[in-house]
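One structure is given below, encoded as structure tokens.
Protein chains in written order, with the working numbering: chain S, 203 to 317; chain Z, 23 to 137.
The following block contains the structure:
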């Protein structure tokens with residue numbers, strides 16, 4: 203079964219410091235991976251995705267993610283955190299079999315950036 | 023270009039009543055997905071629809087839940103005889119195509135409370 207794991211329920215970082223939100227996946231073959239952010243009482247906003255090509259993917263708001271096939275990881279990163287980055291972050295994988303297009307989400311990681 | 027629209031944003035129902043949740047996809051998108059987010063959990067896929075067709079309903083409970091996406095008008099998620107366990111946030115997403123690589127864009131969600 204395909205699955206996504208976000209091992210940290212919460213990540214705390216000081217403003218201006220680099221941040222990493224971890225994601226590992228379990229799929230057969232080459233995965234399609236996504237990161238979304240959710241602000242309180244809002245829907246999910248797309249940040250970035252990995253389909254193929256360069257392992258380092260750049261996305262919205264200065265975020266980037268690195269695809270590592272050997273470690274089956276797709277960690278989200280940002281060089282310098284902002285207080286406004288505080289939110290709930292979801293990693294997701296798109297199943298490869300069939301053409302359903304559905305996303306399988308991790309449990310989410312709350313990012314807390316302190317001034 | 024308006025994003026994905028969902029209404030109502032908040033819905034309160036008593037046990038045994040019916041809940042109808044509406045989703046209008048982004049302009050030009052003909053693929054709609056419904057997800058449910060229970061408190062303290064990630065999003066779980068429910069159903070994937072194209073115009074007038076259900077493509078994948080593998081995440082939909084077998085009883086009381088139904089979904090449609092008519093030729094004209096919004097997609098509707100219908101929950102009959104609601105129970106307290108149905109209380110959750112229901113999110114709709116849309117994409118231009120149904121490919122695994124397509125980005126899904128999410129609406130703000132409908133928060134259902136069952137008394």
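Just so you know, even glycine gets a beta-carbon here, dropped at the ideal spot from N, CA and C.
Item                                                                                                                                    : Value
Backbone CA spacing between residue 53 (chain Z) and residue 111 (chain Z) [nearest angstrom]                                           : 20 angstroms
Inside the segment 229–312 of chain S only - alpha helix (DSSP H) runs reaching at least 4 residues                                     : none
Beta-bridge partners of residue 91 (chain Z), as assigned by DSSP                                                                       : Bridge partners of residue 91 (chain Z): none, in fact.
Spatial neighbours of residue 56 (chain Z) in its chain, beta-carbon cut-off 7 angstroms, leaving aside the 5 residues before and after : 68, 69, 89, 99, 112 and 114
Best match in S:280, S:272, S:219 and S:307 for proximity to residue 206 (chain S) [C-alpha to C-alpha]                                 : S:307
Interface partners of residue 125 (chain Z) on chain S, CB under 7 angstroms                                                            : 248 and 251
Assigned secondary structure, residue 78 (chain Z) (DSSP; H/G/I helix, E/B strand, else coil)                                           : strand
Closer than 8 angstroms to chain S by CB, residue 55 (chain Z)                                                                          : yes
Neighbour-count burial assignment, residue 60 (chain Z), 16 or more Cβ in a 10 Å radius                                                 : exposed
Cα-Cα separation, residue 43 (chain Z) to residue 132 (chain Z)                                                                         : 7 angstroms
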